[in-house]
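**Q** Protein chains in written order, with our numbering: chain A, 1 to 114; chain B, 1001 to 1113.
For each residue, glycine too, the CB sits at the ideal point set by N, CA and C.
Note that the coordinates shown come from a computational prediction; the quantities given were computed from them, not determined experimentally.
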Amino acid sequence: AQSVTQPDIHITVSEGASLELRCNYSYGATPYLFWYVQSPGQGLQLLLKYFSGDTLVQGIKGFEAEFKRSQSSFNLRKPSVHWSDAAEYFCAVVSDNYGQNFVFGPGTRLSVLP
Amino acid sequence: NAGVTQTPKFQVLKTGQSMTLQCAQDMNHNSMYWYRQDPGMGLRLIYYSASEGTTDKGEVPNGYNVSRLNKREFSLRLESAAPSQTSVYFCASNRQGSNQPQHFGDGTRLSIL
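1) Taking the C-alpha atoms as reference points, what is the distance between Val94/A and Val103/A?
2) Which value, in whole angstroms, describes the spacing of the CA atoms of Thr108/A and Ser1018/B?
3) For Tyr27/A, which option in Val4/A, Ile9/A, Thr12/A, Ser39/A has the closest C-alpha, if you only look at C-alpha atoms?
4) Could you work out which residues of chain A lie near Met1041/B, taking near to mean beta carbons separated by less than 7 Å?
5) What beta strand (DSSP E) runs, 3 residues minimum, are completely inside the region 1009-1095 of chain B?
6) At the level of alpha carbons, what is the spacing between Ser72/A and Ser52/A?
7) For Arg1044/B, which of Ala1024/B, Pro1061/B, Asp1056/B, Arg1095/B has the nearest alpha-carbon?
8) Please identify the residue among Pro114/A, His82/A, Ala92/A whose C-alpha is closest to the C-alpha of Ser18/A.
9) Return yes when the Cβ of Phe90/A is within less than 9 Å of the Cβ of Gln42/A, no when it is not.
10) Output, in chain order, the set of chain B residues within a Cβ distance shorter than 8 Å of Lys49/A.
11) Would you say Leu53/A lies against chain B (beta-carbon separation less than 9 Å)?
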């Protein structure tokens, strides 16, 4: 069965520091991968997506992610974190050819120190 | 620019009561979904509707029923609420196709006493 792991439950960084959130997936075919962000009391907002082509994808709010097939990873990065980035981040993979079943990771909560 | 709208935003029920969570989208999407979110478990799919007139079970369908009322609306019903159904429920929608991201509502926070 397809699965997504996010090894870090909670990460704390200082404002202005760089950020990397890890995501690993288990999926036999070429995956479609997504990163979402959830602010407190809100729904999930799409940050970026990977389907094919360039393995480094750019998203909104200055985020980027790199797909590494050899490592089954799709890590999210940001060069300089802002206090408003404090939120929960979810990695997701589409588990079938029809896109009907997104499999979400458990999430990583990001705290930002002033 | 409403996107996906869920009602109510908060609800407290007693064990055994029933209720229906409403979801509507104005993006002309074919597919709609219901998830529950519990701490440390991410989002788990309850039911989905690939298109108007069809519904299918997801990972955790027990205790729930759904209705795809029309292309815009997809409701989730708890017939006899149990404390284990205390959760945050999210509705989502997308165009058909495996590369189409899902768009989410703001959630319904449901407590079962």
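**A** The short version:
1) 6 Å
2) 33 Å
3) Val4/A
4) Pro106
5) 1010-1013, 1019-1025, 1031-1037, 1043-1049, 1064-1068, 1074-1078, 1087-1094
6) 14 Å
7) Pro1061/B
8) His82/A
9) no
10) Asn1099, Pro1101
11) Inspection of the sequence shows that residue 53/A is occupied by Gly rather than by Leu. So, not an interface residue.
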